[in-house]
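Heads up: the sequence shown begins at 0 in numbering that gives the first Met the number 0, then just goes up one per residue.
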Amino acid sequence: MLLATEALYPKDDIEKLRTQASRLDLQIEPEQPQRHKHIGGDVLSSNIWLQTLRSKFRRALGIPAFPMKSSQLIQKNLAPDVAIMEQQQPPPPPRKMVASKKLMKVGPWGGTGGNPWDDGGHTGIRGVTLSYDHRCVVSIAVQYDRSGLAVPGERHGGAGGNHTTQIKLSFPDEHLTAVSGRYGAVAPGGSPVIRSLAFRTERAAYGPFGAAEGTPFEFAVEGGVIVGLCGRSGWQLDAVGMYVTPLRPEKLYDKVQKLGLMAYRSVMHRLGPAPAPPQDELPEARVQHQHQNGSVVQTSRKNY
0 MLLATEALYP
10 KDDIEKLRTQ
20 ASRLDLQIEP
30 EQPQRHKHIG
40 GDVLSSNIWL
50 QTLRSKFRRA
60 LGIPAFPMKS
70 SQLIQKNLAP
80 DVAIMEQQQP
90 PPPPRKMVAS
100 KKLMKVGPWG
110 GTGGNPWDDG
120 GHTGIRGVTL
130 SYDHRCVVSI
140 AVQYDRSGLA
150 VPGERHGGAG
160 GNHTTQIKLS
170 FPDEHLTAVS
180 GRYGAVAPGG
190 SPVIRSLAFR
200 TERAAYGPFG
210 AAEGTPFEFA
220 VEGGVIVGLC
230 GRSGWQLDAV
240 GMYVTPLRPE
250 KLYDKVQKLG
260 LMAYRSVMHR
270 LGPAPAPPQD
280 ELPEARVQHQ
290 HQNGSVVQTS
300 RKNY
């Protein structure tokens, strides 16, 4: 292995350096005069090459030995190891995405019958429950997420339905990204209702559920998620709309907020209500009574 260093010498010491170099088997490159700002004088810059025992053997065997700088040696010797380390190093994990607080309402699709309903926007959707038959979607109920808490939504629509489907998402790793379906009148001259519904996430597709008849509709969001539903309902599900929000990288505040809520729920569930103290350990309450003549009498009683 060859070691090298770069040195700066005053002009007067260059001859002394050559003498020492010949004794120590050092090789000196041609000097290059330059002015050094820290020394404040003219100096000669040169690279000094320390020939190791390996170099002496190479010269003895007639093999030319070319001196190398330390930077070249490091690059030559460490380049294979660095390449192996880069190949073995796993890629960084992808950043977790969460819903932002910016909401946009889209829709609804369907008819104008029934009464309006609006679940509002949340931090996510955990699941959807549908009741339907061969004609239309009868009712819908959504389970939402609110900062780590499961919030069951109201059921919208009528009673009945020959089939019930419950969709459970792997929240927070799975988000609702698209809703599609068909709407139209069940009977001639009737008001349009939701005939079928289908849902899609970044992992899977669910549905369609209901009748494959009517006018198709579809809403898919890219770079965002669906965090709430709205619409109209009566005896059936008349119309449906969505709340959408863009995704953003998860921050430390989101993790602390979620852990804080979980810790609070755990402590409250574990502790429960505070037990009542024994009657003989109840604190005494001291009461002061002031009479009309100005004297003050202090008494004590148990807080039963």
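Note that CB positions come from ideal geometry on N, CA and C, so glycine has one too.
Rounded to whole angstroms, the separation of the alpha carbons of residue 212 and residue 104 is 26 Å. Residue 161 carries a coil assignment under DSSP once its states are collapsed to helix, strand and coil. Only residues of its own chain outside the window of five on either side were considered, and among them 168, 173, 174, 175 and 176 have a CB closer than 7 Å to the CB of residue 200, listed in chain order. Per DSSP, reduced to three states, the secondary structure at residue 118 is coil, with no helix or strand assignment. Where residue 136 is concerned, the enclosing beta strand (DSSP E) starts and stops at 136-145. In this structure residue 141 is not in contact with residue 236, their Cβ atoms being roughly 12 Å apart against a cut-off of 8 Å. DSSP places residue 108 within a strand segment (E or B) once states are collapsed to three. The Cβ atoms of residue 164 and residue 144 lie no closer than 9 Å to each other. Rounded to the nearest whole angstrom, the C-alpha separation of residue 209 and residue 182 is 10 Å. At the C-beta level, residue 194 and residue 180 come within 9 Å of one another. As the crow flies, the alpha-carbon of residue 229 is around 16 Å from that of residue 157. For residue 231, same chain residues with a beta-carbon under 6 Å away, outside a window of 5 residues either side, are 113, 115, 237 and 238 in chain order.
Around the beta carbon of residue 146, fewer than 16 other beta carbons lie within 10 angstroms, which makes this residue exposed. By DSSP's assignment, residue 170 forms no beta bridge with any residue.
Taken through DSSP and simplified to helix, strand or coil, residue 102 comes out as coil. Around the beta-carbon of residue 244, 16 or more other beta-carbon atoms lie within 10 Å, marking it buried.
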